[in-house]
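To start, the structure itself, in structure tokens.
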Amino acid sequence: MSEGALYSVIKFNKDSNRKTAATQQEDVTYSEVKTADPTSPQTVSHCEPAVHINTAVLTREKSGPTSNTYRLAAVCLGLLCALLLTSIIALCVYHTSQSQECSTMERHLKELRANYSNMTEVNKQLQGYYNNVLQKFHYAEKYCPYSPQKRECKPCPQGWEQFNSKCYYFSTEGWHGWEQSRSDCQWYGADLVIVNSIEEQEFISKHTKGHHYWIGLSDSETEGTWLWVDRTPLQKEFWRSGEPDDQGEGWQGGTSRNADCAATDQNDWADLLCSSYQWYICETDALLMSNELSVSTST
Numbered sequence: 001m002s003e004g005a006l007y008s009v010i011k012f013n014k015d016s017n018r019k020t021a022a023t024q025q026e027d028v029t030y031s032e033v034k035t036a037d038p039t040s041p042q043t044v045s046h047c048e049p050a051v052h053i054n055t056a057v058l059t060r061e062k063s064g065p066t067s068n069t070y071r072l073a074a075v076c077l078g079l080l081c082a083l084l085l086t087s088i089i090a091l092c093v094y095h096t097s098q099s100q101e102c103s104t105m106e107r108h109l110k111e112l113r114a115n116y117s118n119m120t121e122v123n124k125q126l127q128g129y130y131n132n133v134l135q136k137f138h139y140a141e142k143y144c145p146y147s148p149q150k151r152e153c154k155p156c157p158q159g160w161e162q163f164n165s166k167c168y169y170f171s172t173e174g175w176h177g178w179e180q181s182r183s184d185c186q187w188y189g190a191d192l193v194i195v196n197s198i199e200e201q202e203f204i205s206k207h208t209k210g211h212h213y214w215i216g217l218s219d220s221e222t223e224g225t226w227l228w229v230d231r232t233p234l235q236k237e238f239w240r241s242g243e244p245d246d247q248g249e250g251w252q253g254g255t256s257r258n259a260d261c262a263a264t265d266q267n268d269w270a271d272l273l274c275s276s277y278q279w280y281i282c283e284t285d286a287l288l289m290s291n292e293l294s295v296s297t298s299t
């Protein structure tokens with residue numbers, strides 16, 4: 001059993017036979033007192049005067065509050081370090097999971113974009129097929145009108161006139177300006193007529209006696225540069241004498257400049273104000289067939 005160190009207050013008794021010059025106050029000293037094993041004989045190793053030890057006043061030295069404060073601080077610091085380490089580990093795990101999720105989402109986004117591009121291309125193809133079918137249906141309705149039990153196809157739509165490989169529509173209802181007339185022709189799937197030969201002009205003249213009809217010719221972009229509606233330059237000309245003069249008669253009378261649109265009247269042309277109201281001639285391709293085609297349908 002190890003020995004324990006005890007600190008105690010030791011009071012020395014005064015020797016009655018001894019006289020000193022010291023004061024009457026009792027001297028107090030501290031000495032280390034060791035307790036010996038009860039089984040072994042007690043000895044005093046110091047050659048000091050015999051003293052009387054009052055064991056009742058021996059007490060152990062208590063630990064001070066500073067030691068407990070340091071211990072508590074160390075425990076708190078350890079807990080904080082553990083908490084910080086746990087937080088760092090949790091953040092690392094969260095960051096890793098978020099990075100993986102972000103990578104997965106980016107991969108999915110790339111796949112979606114690729115699928116969108118593919119679907120866009122497929123949609124364009126389907127739209128092209130649809131437009132083709134719709135156009136053919138329009139042609140079927142236009143060139144092959146339905147009659148009882150059959151569809152009889154003709155080179156030109158009903159109400160149109162054929163000349164060579166072209167079909168012509170001469171308006172008879174409603175007068176319009178040049179732009180509106182062209183819009184009407186485009187609504188029919190055609191455009192204002194382009195005259196390329198004298199034979200074509202003669203054919204047109206047979207249907208335009210007594211009236212002006214808009215044709216697809218104008219110099220509205222550049223004065224003096226006449227272009228057809230397909231933007232080809234004017235080659236064959238059938239201008240009336242003195243035309244084009246860049247002058248035209250207004251709807252309410254009077255003469256105005258900037259006559260930039262051409263109209264045909266019988267055998268020749270004149271430039272008129274594009275806003276003036278005239279009839280118009282539309283032109284489209286004829287349905288060319290080796291022989292007359294009849295399509296029978298069941299009722």
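The opening residue of the sequence shown carries number 1 in full-length UniProt numbering; numbering runs sequentially from there. Backbone N, C-alpha and C fix where the C-beta goes; we use that ideal spot for every residue, glycine too.
With distances taken between CA atoms, residue 262 lies nearest to 213 out of 222, 223, 213, 235. In this structure, 285 is the residue among 235, 117, 132, 285 with its C-alpha nearest to the C-alpha of residue 192. Under the three-state reduction of DSSP, residue 127 is assigned to helix. The alpha carbon of residue 142 has as its nearest neighbour, out of 189, 89, 210, the alpha carbon of 189.
Nearest to residue 273 by C-alpha distance, out of 219, 281, 237, is 219. Between residue 160 and residue 278, the C-beta gap is not smaller than 8 Å, which leaves the two residues out of contact.
Counting only the Cα atoms, residue 98 lies some 14 Å from residue 107. Every alpha helix (DSSP H) of 4 residues or more that sits fully in the UniProt domain "C-type lectin" (163-283) is shown, in chain order, as 178-187, 198-205. Listed in chain order, the non-local C-beta contacts of residue 226 below 8 Å within the same chain comprise 217, 218, 219, 233, 234, 244, 262, local neighbours out to five positions each way being set aside. As the crow flies, the alpha-carbon of residue 134 is around 31 Å from that of residue 113. Residue pairing by DSSP places residue 147 opposite 150 in a beta bridge. With a cutoff of 8 Å on beta-carbon distance, residue 280 and residue 171 are scored as near each other. The alpha-carbon separation between residue 125 and residue 223 amounts to approximately 42 Å. Taking all protein chains in view, the Cβ of residue 168 is crowded by 16 or more other Cβ atoms within 10 Å, so the residue is classified as buried. The Cβ atoms of residue 276 and residue 177 sit closer than 8 Å to each other. Taking the Cα positions, residue 229 is about 20 Å away from residue 208. When beta bridges are read from the DSSP output, residue 161 appears opposite 168.
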